[in-house]
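Its first residue numbered 4, the sequence shown is counted upward by one per residue in this note's numbering.
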Amino acid sequence: MAGSERKWVRVKALTRQERSVIAASCERFIAETLKPRFLPEVRPTTFNYPIDIVGKWRGSKYSFITRYRSGFPENLGEEFDLSFSRLDHAEEHLSDLRFHVMWYRHTGQWFRLHALVTLDEALRLIASDERLLPL
């Protein structure tokens with residue numbers, strides 16, 4: 004049958020050590036770049052307001068997340084997370100670590116803005132591209 008042939012693709016999964024190094028770099032970026040610029044202090048309001056910026060692994064994807072707290076009387080103090088950027092590990096790139104830089108659209112879908120960039124380049128892009136910054 005034509006079209007039913009299987010294609011094998013080699014992939015490079017992240018090791019535990021690579022994930023730790025990437026997470027440490029991203030946490031440093033959050034602490035030294037994002038928080039001072041976008042959340043120098045928590046300012047409570049009567050609406051939803053940001054209280055923290057964090058990062059989190061979800062499989063082979065590292066998400067940058069803003070944590071919000073509600074100031075509305077009916078749900079005062081409740082918290083929720085909203086991702087604003089994501090690094091997707093490009094597993095098909097075997098020679099070195101590369102990432103796709105993803106943007107979270109208002110439609111609830113992720114859209115790739117930059118492909119196959121290094122970690123340093125990805126962090127520079129997040130710091131400079133307004134679409135990738137916290138709301």
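Glycine residues also receive a C-beta, built at the ideal position from the N, C-alpha and C atoms.
Cross-strand partners of residue i (DSSP beta bridge)
{"i": "D84", "result": "R70"}
{"i": "R61", "result": "K64"}
{"i": "P53", "result": "Y71"}
{"i": "S119", "result": "Just to set this straight, residue 119 is Leu in the shown sequence, not Ser. Answer is none; L119 lacks a bridge partner."}
{"i": "V104", "result": "L90 and H117"}
Rounded straight-line distance, which links the Cα of residue j to that of residue i
{"i": "H92", "j": "E21", "result": "11 Å"}
{"i": "D99", "j": "A118", "result": "14 Å"}
Contacts around residue i, its chain only, beta-carbon distance under 8 Å, and the 5 residues preceding and following it disregarded
{"i": "P137", "result": "L37, F41, L42, P53, I56, F67, T69 and F87"}
{"i": "G74", "result": "P47, T48, T49, F50, N51 and Y52"}
{"i": "T121", "result": "D99, L100, R101 and F102"}
Reference residue i; option with closest CA among the options
{"i": "A125", "options": "C29, A16 and P76", "result": "C29"}
{"i": "A27", "options": "Y65, E44 and Y71", "result": "Y65"}
{"i": "R134", "options": "R115, T121, G111 and W106", "result": "W106"}
{"i": "S131", "options": "R108, V104, I25 and W113", "result": "V104"}
Same chain, Cβ closer than 7 Å to residue i, neighbours up to 5 away in sequence not counted
{"i": "L17", "result": "S63 and H92"}
{"i": "L79", "result": "S73"}
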